[in-house]
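2 protein chains.
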Amino acid sequence: MDLTPADDDFAARLRISVPGLDIGPVQARYLEEPRGRYHGLGGWLVRPENTQQVAAIVSAANAARVPVVPYGGGTGLVGGQVMPSGVPPLILSLERMREICAVYPLENVIVAQAGAILNEVQQAAREHDRLFPLSLASEGSARIGGLLSTNAGGLNVLRYGNARDQCLGLEVVLPDGRVWNGLTRLRKDNTGYDLRNLLIGAEGTLGVITAAALKLAPIPAEQGTAILVVPSPQAALDLLAVTRDQVGEGVSAFELIHRQGLDFMTEAGLAQRQPFDAPPEWCVLIDLGLAAGHEPQTALQDLFATALKQGLVSDGVIAQSEAQRAAFWTLREAIPAANRNIGSISSHDISLPLGVIPDFIAHAPDVIARIGRFRINCFGHLGDGNLHYNVFPPKGHERAEFDIHRDAIKQAIYDLVNEMGGSISAEHGIGRLKVGDLERYGDPARLDMMRAIKAALDPNGIMNPGAVLRA
Amino acid sequence: MDLTPADDDFAARLRISVPGLDIGPVQARYLEEPRGRYHGLGGWLVRPENTQQVAAIVSAANAARVPVVPYGGGTGLVGGQVMPSGVPPLILSLERMREICAVYPLENVIVAQAGAILNEVQQAAREHDRLFPLSLASEGSARIGGLLSTNAGGLNVLRYGNARDQCLGLEVVLPDGRVWNGLTRLRKDNTGYDLRNLLIGAEGTLGVITAAALKLAPIPAEQGTAILVVPSPQAALDLLAVTRDQVGEGVSAFELIHRQGLDFMTEAGLAQRQPFDAPPEWCVLIDLGLAAGHEPQTALQDLFATALKQGLVSDGVIAQSEAQRAAFWTLREAIPAANRNIGSISSHDISLPLGVIPDFIAHAPDVIARIGRFRINCFGHLGDGNLHYNVFPPKGHERAEFDIHRDAIKQAIYDLVNEMGGSISAEHGIGRLKVGDLERYGDPARLDMMRAIKAALDPNGIMNPGAVLRA
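First to last, the protein sequences are chains L and X.
The opening position of the first sequence corresponds to residue 1 in the working numbering, with each subsequent residue numbered one higher.
The opening position of the second sequence corresponds to residue 472 in the working numbering, with each subsequent residue numbered one higher.
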């Protein structure tokens with residue numbers, strides 16, 4: 001399908017057909033993405049202020065065959081937000097639609113426009129003594145529409161699920177410019193195909209999310225955090241099972257940390273106070289959030305006692321204050337910072353069936369070693385089976401020397417992940433970075449279904465061309 | 472699209488192309504459904520024993536334009552399992568594919584074929600000290616494939632979600648006979664469009680689910696149940712909020728019961744011991760499941776004390792033994808039995824935003840009263856916003872006298888539900904019974920998306936024609 005550029009002529013016509021529309025040439029920041037891998041083509045930038053304007057814009061783009069790139073906070077890690085080839089697109093930023101429309105504390109529901117920033121939504125929930133549990137590093141700039149379109153994950157997935165699980169209803173402008181009013185606050189609704197979940201995670205290729213009804217949760221009355229030293233990844237996994245048996249749904253996070261991450265902090269000069277004299281090979285950070293009247297300290301002490309008896313832990317510290325809790329989390333959050341400082345050759349956001357994770361961690365270094373001598377930092381959301389498996393140059397070497405090995409490293413890891421029944425994208429999505437990987441590792445019948453759905457809902461192929469599926 | 476009957480000639484060819492296939496004329500029981508509203512056309516019945524056979528059957532049917540009705544336990548309440556008009560279809564029963572394929576206790580995952588019966592799956596989970604939380608009245612005959620295809624709900628949705636929320640991966644035979652191998656055990660997988668949730672709830676119109684990977688949960692160590700008298704539906708709702716604040720995720724069920732249901736038991740001669748001398752206007756059944764070391768009795772006593780102080784309850788009983796817990800649940804489960812005995816004119820499986828439920832309960836009797844003098848039994852899964860709102864003849868009258876009013880009653884209720892932002896099918900699905908209602912109340916853009924997806928994935932329209940969407 002041939003697409004038409006978002007040129008001056010199209011912009012002029014759009015100005016007339018959508019009176020008062022904020023439209024202008026694209027500033028540079030809309031053409032870059034955090035990894036620096038893609039540089040977007042500059043067409044025109046529109047910043048609609050309501051759903052009707054979005055509908056009019058998309059309708060006009062569809063009639064003229066002009067590609068549309070929906071733009072949220074621009075924090076995605078797989079290049080879904082920039083279009084580096086083809087014809088210059090219309091960039092549709094939701095930034096002026098950032099209202100918190102309503103909060104229903106009794107229903108545990110918040111309704112927000114797609115441009116609302118994550119930490120504004122969190123804050124609005126807190127003001128009503130509620131928790132919006134989605135939480136991730138970019139929460140100061142990521143917007144609800146983008147978070148839903150990429151089905152973002154983060155730190156609390158184990159307990160509350162990913163972005164998809166937080167959503168009750170959507171308002172969406174479809175590729176033909178029609179509005180689907182699906183902004184329901186219902187907990188149960190079995191009236192036909194699940195289009196909400198189809199739009200969530202579609203990365204802007206099937207329509208533009210303009211607003212969402214989102215679930216809130218009670219703020220846990222009591223919170224507690226511990227870092228426990230485990231002898232092996234298998235022990236960490238067994239400890240997860242014991243923790244769930246003893247604490248039930250109160251486990252908010254269960255994060256695996258490898259010594260390499262702690263060593264990187266030292267090497268990078270990030271002055272983090274570490275809880276153990278010698279960094280342990282493996283440890284886990286466990287976070288509990290319990291209802292009133294339950295004592296997380298006691299629960300963590302009991303857990304440690306049980307685990308010690310079963311040989312699942314050898315040492316551990318339980319945070320004795322809010323300040324210490326915060327320090328433990330700061331340590332966990334310093335790992336990505338240290339990684340960036342050292343500079344990875346290749347980073348992998350993978351997931352695996354929980355049971356095979358120890359095997360994967362045992363075997364992956366061998367497949368890497370066949371390519372060369374590298375350092376590996378393996379950490380992540382063990383409770384979700386989601387590892388960030390990142391490969392670094394040997395000490396004293398620069399990343400640039402090894403860029404030549406990036407594809408081989410990536411493929412070796414993905415091959416192993418695929419063989420073991422895992423996923424090559426646990427939480428970051430496909431974007432443009434992993435389109436080829438999806439073609440390589442995805443189920444062929446499923447890929448054909450995806451293509452058929454894309455063709456059916458966006459026959460002109462205007463919505464975010466080249467993301468998820470090859471344009 | 473013209474379809475071809477599953478006639479003797481087609482059956483003969485199928486016998487040849489799928490050696491050893493169990494195929495024969497359709498027995499009567501495959502042509503009936505529990506409400507007695509639809510009577511299926513008899514074509515041929517196939518009972519494949521593996522996914523390859525399913526694929527070969529669907530492929531042949533697609534080539535010959537023969538309609539296929541996937542058949543699970545036959546317990547659906549909206550006629551999705553029988554095809555009463557058109558040409559005689561091929562009925563594809565999954566009953567011979569009922570294997571529990573694997574249990575992964577450490578991962579909290581069970582993999583089962585689509586024909587596995589729900590209580591067999593529950594039992595297999597229990598044998599590994601795990602809970603498969605899906606639970607509903609027909610669990611002795613409902614099969615996994617049908618439960619997923621209808622996105623079944625039931626008693627534990629508040630805590631564990633509906634069937635959709637229990638599923639990690641699917642194996643599906645697509646309408647062209649290809650197999651999508653999506654039987655993953657991953658907790659996080661962001662590789663493209665969410666087709667799993669599209670197939671779940673599609674009621675057999677987009678393919679045949681042949682197997683599923685399902686989530687398990689720990690069995691709660693401690694359980695407790697109470698029936699509390701509330702002054703009003705609003706108080707019940709406020710009590711739900713207090714319960715969640717105090718007990719967190721430990722609330723397994725929160726069921727609303729109206730006096731009419733208790734009176735029906737007496738009228739129907741169902742000898743249930745009722746916990747109060749005089750049946751209260753409104754009461755709620757609260758079920759807690761807590762982790763080891765937590766005392767549900769104490770939690771319920773604390774809850775009662777708080778609620779009494781806030782004027783949210785006036786009386787209540789907390790089960791003092793497992794026998795008493797069971798008796799409370801028997802009481803709850805006797806409501807549908809009593810309803811059947813009295814005989815409803817029209818039954819409505821509706822959901823509403825939680826906050827408007829008191830308003831709905833206040834206004835619905837007025838719209839009914841405009842039609843005539845009826846009795847109403849309103850009860851259900853209050854925690855999910857899901858009410859079963861059933862309308863009965865006045866005392867001493869037979870249902871048959873009032874059948875003439877059924878459509879008016881249904882429309883009056885659905886109009887009100889729709890006006891208040893609710894759903895006309897909370898957990899039962901659309902099937903054939905509610906196709907017209909979906910057209911009337913559904914969002915037009917969304918309906919068009921559904922039709923476009925159906926046409927894209929099943930261009931010949933062979934999969935369960937007439938269910939969900941008009942054939």
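Glycine included, every Cβ here is placed at the ideal spot set by N, Cα and C.
Just so we're clear, the structure is a prediction, and the values are computed from it rather than from any experiment.
The C-alpha of Lys-309/L lies about 27 Å from the C-alpha of Phe-360/L. Considering only beta carbons, the part of the stretch 883-897 of chain X lying closer than 8 Å to chain L consists of Gly-892, Gly-893, Ser-894, Ile-895, Ser-896, Ala-897, in chain order. For the pair of segments examined, the stretch 501-511 of chain X was found not to touch the stretch 433-444 of chain L: the number of CB pairs separated by less than 8 Å stays below three. Residue contact check for Val-468/L against chain X: a CB pair falls below 7 Å.
Residues of the same chain with a CB within less than 8 Å of the CB of Leu-41/L, apart from the 5 flanking positions on each side, are Leu-31, Met-83, Pro-84, Ser-85, Gly-86, Val-87, Pro-88, Pro-89 in chain order. By the Cβ rule, the stretch 410-425 of chain L counts as touching the stretch 343-350 of chain L, because three or more pairs are nearer than 8 Å.
Among the CB atoms of chain L, none fall inside 7 Å of the CB of Arg-500/X. Chain L places no beta carbon closer than 7 Å to that of Pro-496/X, leaving this residue out of the contacts. Residue environment for Arg-614/X: buried (at least 16 other C-beta atoms within 10 angstroms of its C-beta). The secondary-structure analysis by DSSP pairs His-388/L across a beta bridge with Asp-349/L, Phe-379/L.
With the rule of 3 Cβ pairs closer than 8 Å, the stretch 181-193 of chain L does not count as touching the stretch 244-264 of chain L.
Between Leu-645/X and chain L, the shortest Cβ-Cβ separation is below 7 Å. Distance from the CA atom of Ala-299/L to the CA atom of Gly-721/X, rounded to whole angstroms, is 16 Å.
Apart from sequence neighbours up to five positions away, the residues of its chain that approach Glu-738/X with a beta-carbon distance below 7 Å are Ile-813, ordered along the chain.
The Cβ neighbour count for Gly-611/X, taken over all protein chains shown within 10 Å, is under 16; the residue is labelled exposed.
Contact note: Ser-351/L reaches chain X through Leu-657, Arg-658, Lys-659, Asp-660, using a C-beta cutoff of 8 Å and chain order.
Per DSSP, the beta-bridge partners of Tyr-575/X are Val-580/X.
At a beta-carbon threshold of 8 Å, none of the residues of chain X lie near Ile-16/L; the nearest stands roughly 25 Å away. Between the alpha carbons of Glu-127/L and Ala-712/X lies a gap of roughly 17 Å. Under the 8 Å Cβ criterion, the stretch 105-115 of chain L does not count as touching the stretch 60-69 of chain L, having fewer than three qualifying pairs. In the three-state DSSP reduction, Tyr-542/X falls in the strand class (E or B). DSSP assignment within the stretch 98-176 of chain L yields the following whole alpha helix (DSSP H) runs of 4 residues or more, N-terminal first: 118-127, 144-149, 157-160. In the three-state scheme derived from DSSP, where H, G and I count as helix and E and B as strand, His-405/L is classed as helix. Under the DSSP assignment, His-363/L falls outside any beta strand (DSSP E), being part of the alpha helix (DSSP H) whose first and last residues are 357-369. Using a C-beta cut-off of 8 Å, the stretch 692-700 of chain X makes contact with the stretch 784-792 of chain X, since at least three inter-stretch Cβ pairs fall below that distance. With fewer than 16 other Cβ atoms inside 10 Å of its own Cβ, Thr-330/L counts as exposed. In chain order, Val-539, Pro-646, Gly-675, Thr-676, Leu-677, Gly-678 place their CB closer than 7 Å to the CB of Met-934/X, counting only its own chain and leaving out the 5 sequence neighbours on each side. Listed in chain order, the beta strand (DSSP E) runs fully inside the stretch 856-941 of chain X are 857-863, counting runs of at least 3 residues. Within the stretch 235-258 of chain L, Leu-237, Asp-238, Ala-241, Arg-244, Asp-245, Gln-246, Val-247, Gly-248, Glu-249, Gly-250 place their CB atoms closer than 8 Å to a CB of chain X, listed in sequence order.
Taking the Cα positions, Gly-74/L is about 21 Å away from Gln-123/L. Per the Cβ contact rule, the stretch 129-138 of chain L is in contact with the stretch 156-163 of chain L (3 or more Cβ pairs under 8 Å). Taking C-alpha positions only, Ala-213/L is separated from Met-736/X by approximately 40 Å. Proximity of the stretch 660-672 of chain X to the stretch 416-428 of chain L meets the contact definition, three or more beta-carbon pairs being nearer than 8 Å. The alpha-carbon of Arg-569/X is positioned some 29 Å away from that of Ala-808/X. If you compare the alpha carbons of His-39/L, Gly-76/L, Tyr-38/L, Asp-8/L with that of Val-46/L, the shortest gap goes to Asp-8/L.
Contact between Gly-760/X and Gln-717/X does not hold, since their C-beta atoms are separated by about 15 Å, which reaches or exceeds 8 Å.
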